[in-house]
Amino acid sequence: MLRFLLQRPVAVLMTLLALLVFSVLALWKLPLSLLPEAEVPQLVIKTSLPNAAPAEMEQNVLRPIRSAMLTLANLKEIESTAETQTGTIKLYFAHGAPMQLAYLEANEKLDRLMSALPRQMERPQIIKLNVADIPVARIQVVPRHKQSLAEVSELAEKVLRKRLEQLEGVSLVDLNGTRQRALVVEPDYKALRAYGLTIANITAAIQANNQELGALSVKDGHYRYYLKLNAKLKSPADIAQLTVLTPAGHIIPISRLAQVQEGEVQPTGYHIFNNQEAVVIAVHKQMQAQMTEMMPALYAIADEFRQDYPQLDFEVTQDQSLLLQESIGNLQGSLLWGGLFAFIVLFCFSGNVRVPLLVGLSLPISLLLSFLVFQLFGISVNIISLSGLALGLGMLIDNAIIVTNRIGQKRAAGVPLLDSCVEGTREMMAPLTSSVLTTLAVFVPLVFLNGLSGALFYDQAVAVAAILATSLAVSFLLLPLLYRLLFKNLTTIPAEDSRLYLHILTLYRRLHHQAMRRHKLHLFLLLLLLPLSLLLYRLIPLQGLPYLDKHDAVINLNWNEQLEVQENKNRTTALLESLDAIALQSEGEIGTKQFLLQESNNTTQEAQLYILFKDAAQKQQGLALLQQKIKERYPLAVVQATDAPNAFDRLFNDERPLSELRWRGTSGSQPIPAESLQALTYKASLLSQQNNLGAQPGKGTLQETVYNVSIRQDRLAAYNINYNEVIGQLRSLFGNVTVTDLKDFSTIIPVKLQESEQALANRLATAFASSTSGKEYSLDQLVELRYSTSYQSITADKYGIYHSLLLPDAVPAAPIVSTIKEDALQQGLQVNIAGKFLEDQENLQQLLYVLLLSVVLLYFILSAQFESLLQPVIVLLTLPLGIAGSLLLLYLAGQSLNIMSAIGMVVMLGVMVNDAILKIDNINRLRKQMPLKSAVAKAGEESLKPILMTSITTILALLPILFASGLGADLQRPLVLSVIGGLTVGTASATFFVPLLYTALYSKRRSIQQPVAA
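The numbering used here numbers the first residue of the sequence shown as 2 and each following residue consecutively.
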């Protein structure tokens, strides 16, 4: 078959050209995104209930919802947090669960439950999380000349949002920091009392005059007309001229009882950009959208905004495409340098220029054909799939070098050109196919890992299989064909080896001779690298992702005080002003957020800051300065500073502590009394300090000062005052009361009562409740206010309400943890351990099983190829040597063992296995013709050239990344170090370790003339 194809070059080349055309079309249509489409197995339920305390929110809202959701399929954990007026429930599902079905089922259960929830609350919102939930960019809209934020908000909602939603690839446009216009009614309490009226009279008059007729029609002869009411309220003047009837029968206009003016709804949150109030527009992309096409369009429309609205400043910030661009740029650089270095190395090692051209041509063709496989499997071009392509690059070059080198050796032996191409390719088919299968045997089983890791490895596995399959096809079909065409008209056989390689070959013969003279000693020295890999594994720190030299940070602030949102803003802006000298850019989300896609509801005493610094040194300096100022000025504040999140953090970072001790009461339906909890946390803190445990109070432990309102029932009875009358007056006095909404098509303007700015005691003294006889009594005679402490938030899981102790530096089995647990049990409390430690242990155990499966598959494949049970052991023993080289270089460079360095090891092991298989296959073939030592020496000389060229080419191609800068380079640097370190040792092992071990195992066996069997 191969001979037939080589004799029909036109048919083969036309077929290749057609496949390349389809590959280009596939690449053009493939979506380009930061990460593959991967569903995060979580649902978030957000609830709100006006004027509800955390205890009321937990009892009346969150607990019924939790109970209803417990029967959802594939649900692993459920956690809820009740705060003032808001509540959040997080549902954690098993990875791989059908999240769309879970989303629909959760909504169905919520719909059935709505009748049991408080009537005044809106329907809770259920959010299905995805890696695309992180906006690809933000657009800051900043007024220049003190324009009204309400006007800017209206422009952003009605115009800017619509224009952005029309961009191709945009899925959602989310806003925060908007203000809403309102008509504000500020009652004159003295005038009301003088006329014997209350706030309820004003609100009733406004509501009565803001009625709709509805769809009324009247018949007039042969015609029917619809009625339209012209008396609708539209302006402050319309409300001011409304009248109220006093108990004495007088008609009084509202303008004499209250001041009505245009204003804004009292904000519960702010957005600031560079210490200026602004509106922020978060832009989300569709999963299959081309990010490289969408982002230029986004920047272009921002320029249009600047021209159309010169009174506003527009700034694009937090561009998530930069990481993708840098990663793709690094890969493109690796491909360019890889091709260039492959050509240079091949040219230096080869005696002619045609062979380097052949190998250099195979690289882009194999890559292009692999994108056709991407299209067939529905894989997008993203960082994960691109790293899979990087995995196969080393073996791609290796396959091409081995095939061309073997054909050249046949030509040098005097075999005719066509026979050389056929025989040389056929001889390499078995070892190269075996090496590809062994690489897949190492990598593909990782797809079966539980959780998100297995889902992400699917993209990498497809990418690796695609590039390896296409490289085999190119090496077995295209390279021998092109070799035959290029060398067809040559009358003389060109030199296969350059002078440089001949000098290297002479040096190798000397070293090989010295090594074989005392092969047992040298083999023992190489085997010492095996325990070295275990030692280095214990010394190198473990991480999920490599350390990225990010210049931006996110600071989460909880002032731990009952602050008005304006005071929160004043404190936050003062802190940011102290960083003006070193911060390039800053953003702040103060108080509650308006974003649709957010996992938690911030309170008015919380703030989230985003700060961009010039470099890492200034970032460290700025964060230290910020934390110092907060500690000095606001000792009660809780501060958490982290790197700015990106899509990787959503996938890989886990906010849960390593382990967490959860205390709860016997029933789990009530919080633990504050005094008991304080005693527990105090004792735990003492034990933690004595044992360097790092324990600290966790969820549900922070407390706040609240007013306890007690209505004096005895006085209500004595004065004959209705209980609802007092409640209504308290709500009007302290609540954020909406009288009515003025509607005009899509415009809705609320009418609000202005909250008094008086001190609390004065407000109670100047507000009155009427008895059934009409006599008025001030509220300070009817209610009592007392200070008390309460929990800021109430946390619960499927077992009920709990309070936690975080154990970030301890494992659940630690003796000190057992002591804390026993102390709580003695007080009649229930205790359980939670956190990611247990899940990590389960994942690690599963990973060990998967790796064991990979080794077994590897052994089976090699045994089948070599027809030996012993020779696969030689290949397997080379793997720890390469791992030792990778770990050694990572340790010397101060890097950690993380996902990227592990991927680098897989790349390196693939090349090492390939080289070891080639060496053993050559020895087996030559042992049929000559004695063992001669076969080992001859096989080493034949294998030296492709092994050296593959290693040197791969190392040189990756070397520029070590000197590059940016997030992409930081992300890939551990991968590069793993490959370079492993290949350096791996080249030595394939060159010397395999012959030494082979000789040691077979030196006492006879030379055979048939296939070798162990």
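We put the CB at the ideal spot given by N, CA and C, even for glycine.
query                                                                                                                                                                                           : result
When you compare each of V284, Q782, I255, D320 to R1 by their alpha carbons, which one comes out closest?                                                                                      : What the structure shows of the chain is the stretch from 2 to 1015, and residue 1 is not part of that stretch, so it cannot be assessed.
Let me check one thing: in DSSP terms, what residues is Y803 bridge-paired to?                                                                                                                  : T796
Here's a check: name, in chain order, each residue in its chain whose Cβ is nearer than 6 Å to the Cβ of P996, leaving out the five neighbours to either side.                                  : V937, G941
Report the option in S579, E590, Q586 whose CA atom is closest to the CA atom of Q629.                                                                                                          : S579
Any idea what DSSP makes of N569, helix, strand or coil?                                                                                                                                        : helix
Along the chain, where does the alpha helix (DSSP H) containing T179 start, and where does it finish?                                                                                           : Premise fails: T179 is in no alpha helix (DSSP H) and is neither H nor E.
Exposed or buried, what is W29 when buried is set at 16 or more other beta-carbons lying within 10 Å of its beta-carbon?                                                                        : exposed
Under 8 Å by Cβ, that's how I've got R139 and T318 pegged, so tell me the actual separation to the nearest angstrom.                                                                            : 5 Å
Can you tell me which of the three DSSP states H504 falls into?                                                                                                                                 : helix
Closest by CA to A680, which one among N569, W664, F964?                                                                                                                                        : W664
Considering Cα atoms alone, identify which of I904, E169, Q896 is closest to Y548.                                                                                                              : Q896
With 16 as the cutoff for other CB atoms within 10 Å, does A19 come out buried or exposed?                                                                                                      : exposed
Nearest-angstrom Cα distance between Q461 and T643?                                                                                                                                             : 29 Å
Which residues bound the beta strand (DSSP E) around N202?                                                                                                                                      : Segment 200 to 209 is the alpha helix (DSSP H) holding N202; no beta strand (DSSP E) there.
How big is the Cα-Cα spacing for F126 and V707?                                                                                                                                                 : One point to set straight first is that residue 126 is Gln, not Phe, in the sequence displayed. Answer to the nearest angstrom: the Cα atoms are 28 Å apart.
Does the Cβ of V25 have 16 or more other Cβ atoms within 10 Å, making it buried, or fewer, making it exposed?                                                                                   : exposed
Measuring alpha carbon to alpha carbon, tell me which of A675, L480, I90, L373 ends up nearest R355.                                                                                            : L480
Mark I752 as exposed unless 16 or more other C-beta atoms lie within 10 angstroms of its C-beta, in which case mark it buried.                                                                  : Checking the displayed sequence, the identity of residue 752 turns out to be Val instead of Ile. Buried: at least 16 other Cβ atoms inside 10 Å.
Give the secondary structure of V437 by DSSP, where H, G and I count as helix, E and B as strand, and everything else as coil.                                                                  : helix
In the DSSP assignment, find the unbroken beta strand (DSSP E) run with P553 in it and report its ends.                                                                                         : Reading the sequence as shown, one finds Asp at residue 553 and not Pro. Where D553 is concerned, the enclosing beta strand (DSSP E) stretches over 553 to 559.
Could you give the residue range of the alpha helix (DSSP H) that holds F735?                                                                                                                   : 724 to 735
Taking C-alpha atoms, which residue in V153, K129, H146, G170 lies nearest to L33?                                                                                                              : G170
The beta strand (DSSP E) with Y538 in it runs from where to where?                                                                                                                              : Unbroken run through Y538 is the alpha helix (DSSP H), 530 to 540; no beta strand (DSSP E).
Of the choices S887, F769, L863, whose alpha-carbon is the least far from that of L198?                                                                                                         : F769
Go ahead and pull the three-state DSSP assignment for G589.                                                                                                                                     : strand
On a Cα-Cα basis, can you pick out the residue from V219, A238, A83 that is closest to K229?                                                                                                    : V219
Between which residues of its own chain and E726 is the CB-CB distance below 8 Å, once the five residues before and five after are set aside?                                                   : A770, S771
Measure the C-alpha to C-alpha separation of S819 and G886 and round it to an integer number of angstroms.                                                                                      : 41 Å
Taking V912 as the reference, which of K286, T48, N400 has the closest Cα?                                                                                                                      : N400
Can you tell me where the beta strand (DSSP E) with G264 in it begins and where it stops?                                                                                                       : 259 to 265
Under a three-way DSSP split, which group does D221 fall into?                                                                                                                                  : strand
Rounded to a whole number of angstroms, what is the C-alpha to C-alpha distance between A95 and A290?                                                                                           : 28 Å
Given a cut-off of 7 Å, decide if Y635 and V1016 are closer than it, judged by their beta-carbon atoms.                                                                                         : Nothing in the structure corresponds to residue 1016, since the chain is present only between 2 and 1015.
Could you check whether the segment 586 to 601 touches the segment 263 to 280, counting it as contact only if at least three pairs of C-beta atoms, one from each stretch, sit closer than 8 Å? : yes
Given a threshold of 16 other Cβ atoms within 10 Å of its Cβ, counted over all protein chains shown, does I749 qualify as buried or as exposed?                                                 : exposed
Just tell me which of N61, E84, T739 has its CA closest to the CA of P119.                                                                                                                      : N61
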